[in-house]
Amino acid sequence: MQFKTVTTSVLEIAYYEHGSPTGWPVLLLHGFPYDIHVYDEVVPLLTAHGARVIVPYTRGYGPTRFLSPSTIRSGQEAALGSDVIALMDALNVEKAVLAGFDWGGLATWVVASLWPERVAGAVGYEVVERARQGKSFAPAFEYVMWYQHLFQSERGKDCLSRNRRELCRILLQQWSPTWSFSDSFFEETVKSFDNPDFVDVVLHFYRHAFCNADGDPALEELEERLAQKPKITVPMITLAGDIDPLKPAPDPDMFTGKHERRVVNVGHAVPGEAPSAFADAVLTVKEWSAA
Numbered sequence: 067m068q069f070k071t072v073t074t075s076v077l078e079i080a081y082y083e084h085g086s087p088t089g090w091p092v093l094l095l096h097g098f099p100y101d102i103h104v105y106d107e108v109v110p111l112l113t114a115h116g117a118r119v120i121v122p123y124t125r126g127y128g129p130t131r132f133l134s135p136s137t138i139r140s141g142q143e144a145a146l147g148s149d150v151i152a153l154m155d156a157l158n159v160e161k162a163v164l165a166g167f168d169w170g171g172l173a174t175w176v177v178a179s180l181w182p183e184r185v186a187g188a189v190g191y192e193v194v195e196r197a198r199q200g201k202s203f204a205p206a207f208e209y210v211m212w213y214q215h216l217f218q219s220e221r222g223k224d225c226l227s228r229n230r231r232e233l234c235r236i237l238l239q240q241w242s243p244t245w246s247f248s249d250s251f252f253e254e255t256v257k258s259f260d261n262p263d264f265v266d267v268v269l270h271f272y273r274h275a276f277c278n279a280d281g282d283p284a285l286e287e288l289e290e291r292l293a294q295k296p297k298i299t300v301p302m303i304t305l306a307g308d309i310d311p312l313k314p315a316p317d318p319d320m321f322t323g324k325h326e327r328r329v330v331n332v333g334h335a336v337p338g339e340a341p342s343a344f345a346d347a348v349l350t351v352k353e354w355s356a357a
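Taken in order, the sequence shown gives residues 67 to 357; the numbers are from my numbering.
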């Protein structure tokens, strides 16, 4: 395991690399409120099969830093996907398997949609359809999304700024009610939330998703392409936690390439709760891509 950083046009991205540098590349992408440690038990299952595993800290998390104070601290979907491509370019990785959940699943979807030639296979599913966000969901789902409503206000910003530990622990427990994560796992994870841009990036992600914040003008063209809902042509497995209160069923019409939906009896954090199932999905799409 090696800790490394690489500089892109926007970020200094911090990441850990595992396995052989000549192995088949796979990127594991985390979301909110998680960090790279959610993949701790997935990594050895992949390196045992010859993978070169790259686990980056998402913008606004851990040691990853913006290069310029003038850059919008955007959390929008196009930014997350662009960061993945920029990281791959900096590492001279032409093509890789991408696997993620939550924001990481969203980043995987963005790259698979806009840069399919860079994706050998994909695991995960998370789509923010901004046009749909302008209308309400069923009351039961709005109840689950209480934190997203909170984040639309300055009161929410104050809550996340001052109480990020408590708030994020509540979310982890609510989204994964049967996951008994250790105190040491949580303590390592919350260190990433001390990033100076964590609050701004998180708030922008949810405010942009709710159409309450403008996006980065530099990403407007990508956002317009995503709004067209391009089909997913790469081999992909979508994972759903059976007791995940946040996970809607994927739209099968989105997938024109080989696709399989798997349901695991866990909550939201599939790689943390069911690392073997997550790793198996990665290995399966790797096999599909080699067929």
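Don't be surprised by glycine CBs; every beta carbon is placed ideally from N, CA and C.
Query, Result
"I need the straight-line Cα distance from K201 to Q68, nearest angstrom please.", "45 angstroms"
"For the alpha helix (DSSP H) containing F252, name the first residue and the last one.", "D249 to V256"
"From the DSSP output, which residues share a beta bridge with A165?", "L94 and V189"
"I'd like the span of the beta strand (DSSP E) that includes I151, first residue to last.", "Segment E143 to A156 is the alpha helix (DSSP H) holding I151; no beta strand (DSSP E) there."
"Use the C-beta contact count for E160: other C-beta atoms within 10 angstroms, 16 or more gives buried, fewer gives exposed.", "exposed"
"Exposed or buried, which one is K313 when buried takes at least 16 other CB atoms within 10 Å?", "buried"
"In its own chain, which residues sit with a C-beta less than 8 angstroms from the C-beta of Q214, not counting the 5 before and 5 after it?", "Y272, A275 and F276"
"Using only CA atoms, which one of S134, G338, L133 and L112 lies nearest to T244?", "G338"
"Quick one: what does DSSP say T137 is sitting in, helix, strand or coil?", "coil"
"Could you please give the first and the last residue of the uninterrupted beta strand (DSSP E) stretch that includes G307?", "M302 to G307"
"When we look at the beta-carbon of G35 and count the other beta-carbons within 10 Å, is it buried (16 or more) or exposed?", "What is shown of the chain runs 67 to 357, which leaves residue 35 out entirely."
"Contact check, Y123 vs A80 under 8 angstroms by CB: the rounded distance?", "5 angstroms"
"Closer than 6 angstroms by C-beta to D266: which residues in its own chain qualify, once you throw out the five before and the five after it? Chain order, please.", "R139"
"In angstroms with no decimal places, state the Cα-to-Cα distance between K223 and F217.", "6 angstroms"
"Measure the CB-CB distance between H96 and F251 and report whether it falls below 8 angstroms.", "no"
"So A343 is in the alpha helix (DSSP H); what residue range does that whole segment cover?", "P341 to A356"
"Pick out whichever of G333, E286 and P205 has its Cα sitting closest to the Cα of I309.", "G333"
"Looking at A347: is its Cβ nearer than 8 angstroms to the Cβ of L305?", "yes"
"Check the DSSP bridge columns for F69 and list the partner residues they point to.", "Y82"
"For K297, count neighbouring C-beta atoms within 10 Å of its own C-beta (all shown protein chains included) and say buried if the count is 16 or more, exposed if not.", "exposed"
"F207: which of E183, G190, S219 and W241 sits nearest, CA to CA?", "W241"
"Near A152, which residues of its chain fall below 6 angstroms by C-beta distance, leaving aside the five closest residues on each side in sequence?", "T74"
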